[in-house]
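K.L.:
Those letters in the sequence shown? Residues 2 to 369, by the numbering used here.
Handing you this structure, nothing more for now.
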Amino acid sequence: MEDVFRFRDDLGPAKVIHITETHSGLRSVLVVDNVACGPAIGGVRMAPDVSTEECFRLARAMTLKNAAAGLRHGGGKAVIFADPRQPADGKQKLLRAFAGAIADVTDYIAGPDMGTDESCMAWVYDEIGRCVGLPAALGGIPLDEIGATGFGLAVATEVAKDFCDLHLEGARVAVQGFGSVGRHAAHFLAEKGAVLVAAADSQGTLVDPKGLDIAALIALKRTGRPLADHGSGEKLSRDAIVGVDCDIWIPAARPDVIHKGNVDQLQAKLVVQGANIPVTPEAEAALHSRGVVTVPDFIANAGGVICGAVEYRGGGQRQAFETIEEKVRQNTRSVLEAARAEGVQPRQAADALARRRVAAAMQLRRWA
C-alpha cells in the first residue's frame, strides 16, 4: 500500500479510503481532498493501471478546479482498478459494489470520468441516490452527450488565442485522445473556424494537413472502431501526435502525456489541457520558457464539473452551457492576465487563484 501521508499538505486530503470487496472483485481508492467549499465532486475513473498517487493528484486538481470555478463544492476522486472495456454486467457489478462501499461517505459526490459514463452513474444513483452526470432519462444532464467539457475547452481556447497572437479562423488543431472530451472540443472549435489536422486514439494517430472530417471520425468512433480505419489521412503511431505541426494542441486522455522526454517535439503555440494533469511540471516550465501559452487543466476543462454542479441543484442544459461560458471565459482571462502581469506560468497564477478561494472558505469552517 502506498504511503498516503506523503501527499498531505495544508489543503488535504481529508480522507483516503482503500476499498476491497471480495464478492465483486472490487479494488478501489477514494480520495476526498478538501470540503471547505462544500461536498466534494469528482469523477470515478476506471483503468487497470491507476494508483493512489494518481487518485490524489486528480482529487487535488478537482479541489482547485471547483474553487477556481466558484462552485460550492470541494474536490475528490475515485479510481477503480479494472478494464473499462469489460462486459457490461461485470462493470455494473463493480460500480454497484463501489456505490455501496461509499454510501456513508456523504461528503463525496461521484461523477463520470475516463472509463465510466452516464450509465455507470445511473447504477451508482440506483444504489445510493447521490451522483452527477446522470442520463437524461433520469433527469440528468448527459455531459458526455452534450459535450460540456469540450464546449468549455473551446471557450478557453477562444480567450487564450488573444495571448499568443493567434486567430481561430483557419487555426490548425491536434487532439490527443478522441473520446468524449476530445471529439466535442474538435467539433466546437470547428464551429469557430478552426481545422482539425490531427487526432489520436489508443491505436494510433491520423493526420491530414488539409483537415479531417470531424463528423466522419465521430461516427467511426461511435462504432468502436479506431481512427486508423478512416479512409483518408496519414496513419502514424499513437505517440506521433505530439510532434504534429499545428497551432493548438489539446491533450484529452491520460495524465503526464507531455513530459521532459517529449516536450521538445511539441510545435504548437497554444496548449489547452482537456485531460487532468496531462503535462508534467517540468514540461509546463519548458513550454513557458519557449513562449508557448498553456491553459491549465482545472481552468480549461472545468465545463464537466460545472455542468454536474448545475445538474445537482436541479438546473437544465441551457443553464449549464451559460454557466460554463461565463465561468470558463472569466477564469481563463483572469489567469492569463495575471500570469502575464506577474511574469509567472499560467499554472502558478491559476493555483494561486484557486488556493485563495479555498483558504477563504477554510477560514469560515470548523475543522476537527
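We put the beta carbon where it would ideally sit given N, CA and C, even for glycine.
Any idea which residues DSSP pairs Phe299 with across the strands?
P.N.:
Your numbering for residue 299 matches position 298 in the sequence shown. Paired residues: none, contrary to the question.
K.L.:
How is Arg46 classed by DSSP in three states: helix, strand or coil?
P.N.:
As a position in the sequence shown, residue 46 is number 45, starting the count at 1. Of the three classes helix, strand and coil, the one that applies to Arg46 here is strand, per DSSP.
K.L.:
When DSSP labels each residue in this structure, what does Gly225 get in the three-state scheme?
P.N.:
As a working mapping, residue 225 is identified with position 224 in the sequence shown. Residue state, collapsed to three classes: coil.
K.L.:
List, from N- to C-terminal side, the beta strand (DSSP E) runs of 3 residues or more that fit wholly inside the segment 141-199.
P.N.:
173-177
K.L.:
Check whether the Cβ atoms of Val176 and Ala195 sit closer than 8 Å, and answer yes or no.
P.N.:
In the sequence shown, residue 176 corresponds to position 175, counting from 1. In the sequence shown, residue 195 corresponds to position 194, counting from 1. Contact flag unset, no.
K.L.:
Do you know whose CA, among Arg366, Asn277, Asp248, Pro256, lies nearest Leu267's CA?
P.N.:
Start at 1 with the first residue of the sequence shown, and residue 267 comes out as number 266. Nearest option by C-alpha distance: Asp248.
K.L.:
For the alpha helix (DSSP H) containing Asp352, list its first residue and its last residue.
P.N.:
To locate residue 352, count along the sequence shown from 1; it is residue 351. Per DSSP, Asp352 belongs to the alpha helix (DSSP H) from 347-364.
K.L.:
Buried or exposed for Gly13, please, with buried defined as at least 16 other CB atoms from any protein chain shown within 10 angstroms of its CB.
P.N.:
Reading the sequence shown from its first residue, position 12 is the one you call residue 13. That one is buried.
K.L.:
Would you list the one or two residues that DSSP bridges to Phe82?
P.N.:
For the purposes of this step, residue 82 is taken as the residue at position 81 of the sequence shown. The partner list for Phe82 (beta bridge, DSSP) reads Ala48.
K.L.:
In angstroms, rounded to a whole number, what distance separates the CA positions of Leu190 and Glu323?
P.N.:
The residue given as residue 190 occupies position 189 in the sequence shown. The residue given as residue 323 occupies position 322 in the sequence shown. Answer to the nearest angstrom: the Cα atoms are 17 Å apart.
K.L.:
Indicate the three-state DSSP secondary structure (helix, strand or coil) for Ala104 in the structure shown.
P.N.:
For the purposes of this step, residue 104 is taken as residue 103 along the sequence shown, with counting starting at 1. Ala104 falls in the coil class under three-state DSSP.
K.L.:
So, at 8 Å on beta carbons, what are the nonlocal neighbours of Asp209 in its own chain, with the 5 sequence-adjacent residues on each side left out?
P.N.:
Position 208 of the sequence shown, counted from the start, is the residue given in the question as residue 209. Same-chain partners within the cutoff: Val198, Ala199, Ser233, Gly234, Glu235.
K.L.:
Tell me the DSSP secondary structure of His1 in three-state form.
P.N.:
Within the shown structure, residues of the chain are numbered from 2 to 369, placing residue 1 beyond reach of any answer.
K.L.:
Could you check which residue in Ala351, Val272, Cys121 has the C-alpha nearest to that of Met47?
P.N.:
To locate residue 47, count along the sequence shown from 1; it is residue 46. Looking at the Cα atoms, Cys121 is the closest of the given residues.
K.L.:
Alpha carbon to alpha carbon, how far is Ala37 from Arg356?
P.N.:
By one-based count along the sequence shown, residue 37 stands at place 36. By one-based count along the sequence shown, residue 356 stands at place 355. Distance between the alpha carbons of Ala37 and Arg356: 11 Å.
K.L.:
Only counting the same chain, and skipping five residues up and downstream in sequence, which positions put a Cβ closer than 6 Å to that of Arg58?
P.N.:
Numbered from 1 along the sequence shown, position 57 holds the residue referred to as residue 58. The answer, listed in chain order, is Ile278.
K.L.:
Compute the Euclidean distance between the alpha carbons of Gly205 and Asp90, then round it to the nearest angstrom.
P.N.:
Within the sequence shown, residue 205 is the residue found at index 204, counting from 1. Within the sequence shown, residue 90 is the residue found at index 89, counting from 1. Spanning the two alpha carbons is a distance of roughly 29 Å.
K.L.:
How should His185 be labelled, buried or exposed, when 16 other C-beta atoms within 10 angstroms of its C-beta is the threshold for buried?
P.N.:
If you number the sequence shown from 1, residue 185 lands on position 184. Classification for His185: buried.
K.L.:
For a test of the three-state rule: what should DSSP assign to Ala201, helix, strand or coil?
P.N.:
Residue 201 sits at position 200 when you count from the first residue of the sequence shown. Strand.
K.L.:
Please tell me whether His74 and Ala100 are closer than 8 Å, where the distance is taken between their beta carbons.
P.N.:
Indexing the sequence shown from 1 puts residue 74 at position 73. Indexing the sequence shown from 1 puts residue 100 at position 99. Cβ atoms of His74 and Ala100: not closer than 8 Å.
K.L.:
Would you tell me roughly how many angstroms separate the C-alpha atoms of Gln364 and Lys193, rounded to the nearest one?
P.N.:
Translated into positions along the sequence shown, residue 364 becomes position 363. Translated into positions along the sequence shown, residue 193 becomes position 192. If you take the alpha carbons of Gln364 and Lys193, they lie about 42 Å apart.
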